[in-house]
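The numbering of the sequence shown is our numbering, which starts it at 6 and goes up by one.
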Amino acid sequence: MSAGGARRAGVCGWPVAHSRSPLIHEYWLRTLGIEGAYERFAVPPGAFPAFAASIGCDGLVGANVTVPHKEAAFAACDRLAGDAQGSGAVNTLWRENGALCGDNTDVLGFLANLDAGAPDWRRTAETAVIVGAGGAARAIVHALLSRGVERVAIVNRTAERAEALAARFGRRTTAASWRELPKWLKRADLLVNATTLGMAGQGALEIDLAPMKKTAVVTDIVYIPLATPLIEAARRRGLRAVEGLGMLLHQAAPGFERWFGVRPTVTSELRALVEADILAEGKGRS
Ligand code: NAP
Numbered sequence: 006m007s008a009g010g011a012r013r014a015g016v017c018g019w020p021v022a023h024s025r026s027p028l029i030h031e032y033w034l035r036t037l038g039i040e041g042a043y044e045r046f047a048v049p050p051g052a053f054p055a056f057a058a059s060i061g062c063d064g065l066v067g068a069n070v071t072v073p074h075k076e077a078a079f080a081a082c083d084r085l086a087g088d089a090q091g092s093g094a095v096n097t098l099w100r101e102n103g104a105l106c107g108d109n110t111d112v113l114g115f116l117a118n119l120d121a122g123a124p125d126w127r128r129t130a131e132t133a134v135i136v137g138a139g140g141a142a143r144a145i146v147h148a149l150l151s152r153g154v155e156r157v158a159i160v161n162r163t164a165e166r167a168e169a170l171a172a173r174f175g176r177r178t179t180a181a182s183w184r185e186l187p188k189w190l191k192r193a194d195l196l197v198n199a200t201t202l203g204m205a206g207q208g209a210l211e212i213d214l215a216p217m218k219k220t221a222v223v224t225d226i227v228y229i230p231l232a233t234p235l236i237e238a239a240r241r242r243g244l245r246a247v248e249g250l251g252m253l254l255h256q257a258a259p260g261f262e263r264w265f266g267v268r269p270t271v272t273s274e275l276r277a278l279v280e281a282d283i284l285a286e287g288k289g290r291s
């Protein structure tokens, strides 16, 4: 514990200034009346092992891990819990009896958001298409397979990364090329954007949704802006569209419980607080 005895947690990344995690955890600390703090830790590549070693010292009870450290966090852990082993990446760290422990709560966050936004998605989702093959895509492929989705096609700019992901997850996954995308979209019950495209300041993910079934669900894990160009295109096409912010809110809850001992709730008030912050940033930019 620190001198005052209050617990500290935080998010480590590079860059980390844009992270909304402090807003989320500070809201829970405040509304639950818990004495504690949640900070930002700017940790450059190469400095992650020293940061990980500091967990457990001076009141620092754990941390969230964001880009680019999720795989380094996986490698640094003495013990893996929950979905960490399955997804090959860690976004939540804590220490138990001296051992560094990690979980990947992006899996739970992705599924909780989809369950909330399209409650019956799994009833029809035999085939999913995921665009992207980075750290978040790994967690999402694991999430979809764990819910029994029969076929997951992975499309990525760098084909080798899609192939590596498909090889890791086995026979229910396929690495598909951009050229094959219309064919896969025709079959797809669910389309996921797990690239950085669509993020404010980046190009849009340009996909023609015309081949998709009317019953299909489209979700984007990018949440700045709240409604990405892909989400807007899905709505124009009359498809159910699930924005990405809920994933961020839900993935935060298990870490908070580990560090501060209370399972927090994703309330509409919390969502409104984070949405207002994102909208204010958008106005500042325009
Ligand atoms: P990452 O590991 O860096 O992967 C980035 C992915 O985007 C790769 O597949 C990359 O393709 C693709 N990409 C980047 N620029 C591209 C371009 N110009 N054209 C085509 N593809 C491009 O990042 P990540 O951790 O997976 O995160 C991906 C996104 O998800 C980020 O925007 C992140 O903020 C968001 N995210 C959201 C949540 C949430 O809670 N909602 C959670 C985690 C992540 P290549 O392999 O070809 O480079």
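Quick reminder that beta carbons are idealized off the backbone N, C-alpha and C, glycines included.
These numbers were taken from a predicted model, which means no experiment stands behind them.
Three-state class that DSSP yields for residue i in the structure shown
i	result
V279	helix
N118	helix
R156	strand
Y32	helix
T272	coil
A239	helix
V112	helix
G67	strand
I145	helix
T129	helix
L231	coil
L85	strand
M6	Residue placement at M6 is poorly supported in this model, since its pLDDT is 47, which falls under 50; the coordinates still yield a value, given next. Here M6 sits in coil by DSSP.
P124	coil
E168	helix
M252	helix
S26	helix
A80	helix
A285	helix
Close Cβ partners of residue i (< 6 Å) along its chain, the five nearest in sequence each way excluded
i	result
V227	G203, M204, T233, G249
E44	G15
G114	M252, H255, Q256
D83	A104, L105
V66	R12, A14, W264
L34	G41
L37	V267
Cutoff 7 Å; reference residue i; Cβ partners in own chain excluding five residues on either side
i	result
A94	K75, E76, F79, N109, G140, R143, A144
S92	N109, V112, R143, A144, H147
S7	Its pLDDT being 46, under 50, S7 is placed unreliably by the model, and nothing is read from it.
Per DSSP, the bridge partner or partners of residue i
i	result
E101	A104
F261	None, per the DSSP bridge assignment.
E44	G15
T3	For the chain, the structure presents residues 6 to 291; residue 3 sits outside this window and is missing.
T220	T220 pairs with nothing; no bridge assigned.
I135	I159, V197
D225	N198
Same chain, Cβ closer than 8 Å to residue i, five either side skipped, listed in chain order
i	result
A169	A138
P27	G15, V16, Y43, E44, R45
I283	R25, Y228, I229, P230, L231, L250
Boundaries (first-last residue) of the alpha helix (DSSP H) holding residue i
i	result
L244	Premise fails: L244 is in no alpha helix (DSSP H) and is neither H nor E.
T179	Segment 178–181 is the beta strand (DSSP E) holding T179; no alpha helix (DSSP H) there.
P187	186–192
A55	53–59
Residue i, enclosing beta strand (DSSP E) - first and last residue
i	result
L196	195–198
Near the ligand SAH: residue i beta-carbon under 8 Å from a heavy atom
i	result
Y43	Judged by which ligands are present, the ligand SAH is missing from the structure shown, whose ligands are the ligand NAP.
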